[in-house]
Amino acid sequence: MTKFIFVTGGVLSSLGKGITSASIATILKQSGLKVSMLKIDPYLNVDPGTMSPLEHGEVFVTADGAETDLDLGHYERFIDATLSAKNNFTTGQVYQSVIKREREGGYLGKTIQVIPHVVDEIKNRILNAGEGHDFLIVELGGTVGDIEGLPFMEAIRELRHDLPKTNTMNMHVTLIPYIAAAGELKTKPSQHSVQELRRIGITPHVLVCRTEQDLPKDLKRKLAMSCDVEYDAVIECGDAASIYQVPLNFIKEGILNPLSNHFNIKLKPNMDKWSTLVKHIILPQHEVSIAFVGKYLDLKESYKSLIEALVHAGAHLNTRININWCDSERIEDVGAYEVIQNSDAILVAGGFGHRGVKGKLEAIKYARENKVPYLGICLGMQLAIVEYCRNVLEIEDANSIEFDADSKNPVIYLIDEFIDQSGEKQLRTHESPMGGTMRLGEYPFEPKEGTKLKKAYGDEDIYYERHRHRYEANPKYKEALENAGMIISGQSNGLIEAVEIKNHPWFVGVQFHPEFTSHLETPNPIILEFVKQATKNIN
Numbered sequence: 009m010t011k012f013i014f015v016t017g018g019v020l021s022s023l024g025k026g027i028t029s030a031s032i033a034t035i036l037k038q039s040g041l042k043v044s045m046l047k048i049d050p051y052l053n054v055d056p057g058t059m060s061p062l063e064h065g066e067v068f069v070t071a072d073g074a075e076t077d078l079d080l081g082h083y084e085r086f087i088d089a090t091l092s093a094k095n096n097f098t099t100g101q102v103y104q105s106v107i108k109r110e111r112e113g114g115y116l117g118k119t120i121q122v123i124p125h126v127v128d129e130i131k132n133r134i135l136n137a138g139e140g141h142d143f144l145i146v147e148l149g150g151t152v153g154d155i156e157g158l159p160f161m162e163a164i165r166e167l168r169h170d171l172p173k174t175n176t177m178n179m180h181v182t183l184i185p186y187i188a189a190a191g192e193l194k195t196k197p198s199q200h201s202v203q204e205l206r207r208i209g210i211t212p213h214v215l216v217c218r219t220e221q222d223l224p225k226d227l228k229r230k231l232a233m234s235c236d237v238e239y240d241a242v243i244e245c246g247d248a249a250s251i252y253q254v255p256l257n258f259i260k261e262g263i264l265n266p267l268s269n270h271f272n273i274k275l276k277p278n279m280d281k282w283s284t285l286v287k288h289i290i291l292p293q294h295e296v297s298i299a300f301v302g303k304y305l306d307l308k309e310s311y312k313s314l315i316e317a318l319v320h321a322g323a324h325l326n327t328r329i330n331i332n333w334c335d336s337e338r339i340e341d342v343g344a345y346e347v348i349q350n351s352d353a354i355l356v357a358g359g360f361g362h363r364g365v366k367g368k369l370e371a372i373k374y375a376r377e378n379k380v381p382y383l384g385i386c387l388g389m390q391l392a393i394v395e396y397c398r399n400v401l402e403i404e405d406a407n408s409i410e411f412d413a414d415s416k417n418p419v420i421y422l423i424d425e426f427i428d429q430s431g432e433k434q435l436r437t438h439e440s441p442m443g444g445t446m447r448l449g450e451y452p453f454e455p456k457e458g459t460k461l462k463k464a465y466g467d468e469d470i471y472y473e474r475h476r477h478r479y480e481a482n483p484k485y486k487e488a489l490e491n492a493g494m495i496i497s498g499q500s501n502g503l504i505e506a507v508e509i510k511n512h513p514w515f516v517g518v519q520f521h522p523e524f525t526s527h528l529e530t531p532n533p534i535i536l537e538f539v540k541q542a543t544k545n546i547n
C-alpha cells in the first residue's frame, strides 16, 4: 500500500516547499524505494499554460503534454523520473470535473457540495497519483490559512482516517525569523501556524524550519513541546549553496529518524554520486561564461528549467556556469559585441511575442560570424533560420508569421494541420487561441548521421524531447538553406527539429525544449555538449 507524505507551508509563501518535497523524495528514492510526487495548486486556473511568466514563473511541460507548475520540474530533476498530467492538479481542474459530472447526471440528482463531493474528487486524484508507488510526496501550494486551500486540507485530514495511521505523515514547512534588533530567533509565527493546522484537524509529525541562523537545542525543544512534535522531528533547514545540497543537509539534520520511526522502515540512502555532483556545483575546478539572451530577465524563474539544465551539465563537467544575462532589447540599443563580447558561448532561449526579437537576431549573427558556440532553443532555432535566410540567402524580408502575418517569405510558419501528442488531428490558424494550438509534450525526432546533434545524442535512431510552441520551420525553404550551408540535422515526421551550420565549430538550433528532460543525475545530451563546447572555447 502506498504511503503518503503531505507537505504544507506556514507563515508565508516562498519558503521552499517544492525543494523540501523533492529532497524528501530524493532521500527515499536513493534508499531503493519507488517514489512519485504530486503538486496541488489551489488557484482557479485550469493550468498555468496561459499565465504570464511574470505572474507564475516558468510553465513546465510533462512528457504527455500537460502544462504544469514549475515545481514539477524540480521533482523530475531531483528524482530523475518522468511525471505526467496526474502529478499536478488545480482547483480549476477539480471544479471542472465535479461540474462536468453533475451536468452528466453522475451524482444522481444530489445537491453538490464542497464536502463530500469536491473533497472526494481531491482524494481520488491523490490516491490515483500514488498508485504503483511505495511513497507519494504531496505538496500543497499556498499557505495554511488561505481560504482556497481549505478543501485540500480537509482532504488531507480525511485521508488520515481512510488509510492506516502509519501510512500518512504530515510535514509542515515553517519560518523561524531572526529579529536583528532583539538579537533573537522567534518561534511564535510557527506556533500560530501549527495552531491553525490543528484547528483544521491536522497535526504535523515533522517541522521543517526555514531559518537564516542555526537553531539552538533549547529553541528546538521549545518548538517540539509547543507544536506537539518529537524533538528529533524538528528539522533545521538553512539556506544552502545549491538546492541539490538540501537532501544532504536533511540527512545531516537527522531526518531519517522521524521518517524511519513513523513508517517503520529502515532507510539507508546511497548519496555517493549525488554528493560528488553537489561538490562539483559548489566547488568546481573550472568555470565558463555563457551569454543567456532573453527578454524575461527580470524574473529568472521564467527560465528555471534551462538554468538548472546548465547547472546539471556543469556538475558533470566539474565546471561552474557563469551566466551573462543579456537583455535582447539592450543588444538592440548598444549592439551584440558590447553585451556579449566576454562570453564563451551564446544561448538564445525560447519565448513568445515580437519584443526583443531584433536583439536576438543580432546575437545569432554575432555567434555565426565570430564562430562562437551557439545553442538556440525553440524560438532560438527559428530565429537562427530567419537570420540565415536574411543575411546568407539574402532574402531580406524573411520572417516568422508570428511577427508578420502577411510575410511574403514566411520561413517560420503555422501549419494548418498536425497530429498532436495524443494522435488527434489539430487544426490551427493565426487567429486560433494560443492555449489550444501549441505542439505540447514529447515527440520523436531522428538525428541525421554525421551531425553534431547525432554526436551529442548517441547511437539510437530515434530520441524523444518535449515541445511547447505554435510555429514551425517552413520546409519550402529547406533545399535553399541546405545549399547555402545550413544542415537540417533532425526531423520529426517531416517537421524540422534541429539545424546546424556547416562551416562553424558548433552552431546548433533545436525546436524542442531539451531543458525539460535534464536531471541532476542524467543531464540533457545537447545541453551537456553545448557546455563542453563552451569549455573548449576558453582553452
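Quick note: the sequence shown, position 479, residue 487 per the numbering used here, numbers continuous. Each residue gets a CB set at the ideal place from its N, CA and C atoms; glycine is no exception.
Per DSSP, cross-strand counterpart(s) of residue i
i, result
"residue 341", "Bridge partners of residue 341: none, in fact."
"residue 481", "420"
"residue 243", "216"
"residue 199", "DSSP lists no partner for residue 199."
"residue 68", "76"
"residue 209", "Residue 209 pairs with nothing; no bridge assigned."
"residue 47", "96 and 147"
"residue 453", "471"
"residue 476", "448"
"residue 496", "507"
"residue 186", "193"
"residue 491", "According to DSSP, which records beta bridges pairwise, residue 491 is partnered with nothing at all."
"residue 152", "Residue 152 is not bridged to any residue."
"residue 177", "13"
"residue 385", "518"
Other residues of its chain near residue i: CB distance less than 6 Å, five sequence neighbours each side excluded
i, result
"residue 437", "Bear in mind that a pLDDT of 47 at residue 437, under 50, signals an unreliable position, so the model cannot answer this."
"residue 148", "16, 48 and 160"
"residue 138", "10 and 144"
"residue 366", "340"
"residue 246", "219"
"residue 44", "141 and 144"
"residue 318", "329"
"residue 532", "317, 522, 525 and 526"
"residue 320", "526, 528 and 531"
"residue 253", "286"
Cβ shell of residue i (< 7 Å), same chain only, five flanking positions each side left out
i, result
"residue 505", "453, 498, 499, 518, 519 and 520"
"residue 264", "275"
"residue 510", "493 and 495"
"residue 71", "90, 92, 449, 450 and 474"
"residue 347", "334, 338 and 339"
Other residues of its chain near residue i: CB distance less than 8 Å, five sequence neighbours each side excluded
i, result
"residue 237", "212, 213, 214, 215 and 231"
"residue 549", "Limits of the chain in this structure are 9 at one end and 547 at the other, which puts residue 549 out of reach."
"residue 272", "174"
Residue i in three-state terms, based on DSSP
i, result
"residue 503", "strand"
"residue 605", "Shown here, the chain extends from 9 to 547; a query on residue 605 therefore has no answer."
"residue 426", "Residue placement at residue 426 is poorly supported in this model, since its pLDDT is 49, which falls under 50; the coordinates are not used for a value here."
"residue 380", "coil"
"residue 439", "Only weak support is given to the placement of residue 439: the predicted model assigns it a pLDDT of 48, under 50, and the value that follows is read from those uncertain coordinates. Of the three classes helix, strand and coil, the one that applies to residue 439 here is coil, per DSSP."
"residue 406", "strand"
"residue 42", "coil"
"residue 527", "coil"
"residue 231", "helix"
"residue 90", "coil"
"residue 466", "coil"
"residue 226", "helix"
"residue 5", "Residue 5 is absent from the model: the chain starts at 9 and stops at 547."
"residue 238", "coil"
"residue 400", "coil"
"residue 459", "coil"
Neighbour-count burial assignment, residue i, 16 or more Cβ in a 10 Å radius
i, result
"residue 374", "buried"
"residue 101", "buried"
"residue 359", "buried"
"residue 467", "exposed"
"residue 298", "buried"
"residue 277", "buried"
"residue 392", "buried"
"residue 362", "exposed"
"residue 502", "exposed"
"residue 111", "exposed"
"residue 169", "exposed"
### Query
Hey, which unbroken runs of the alpha helix (DSSP H) at 4 residues or more fall wholly within the stretch 11-37?
25-37
### Message
Which runs of the alpha helix (DSSP H) at least 4 residues long sit entirely within the stretch 319-371? Give them in chain order.
### Response
336-342 and 344-348
### Task
Enumerate, from N- to C-terminal direction, the unbroken beta strand (DSSP E) stretches of 3 or more residues contained entirely within the stretch 93-144.
96-98
### Complete beta strand (DSSP E) runs within the stretch 269-307 (minimum length 3 residues, chain order)
294-302
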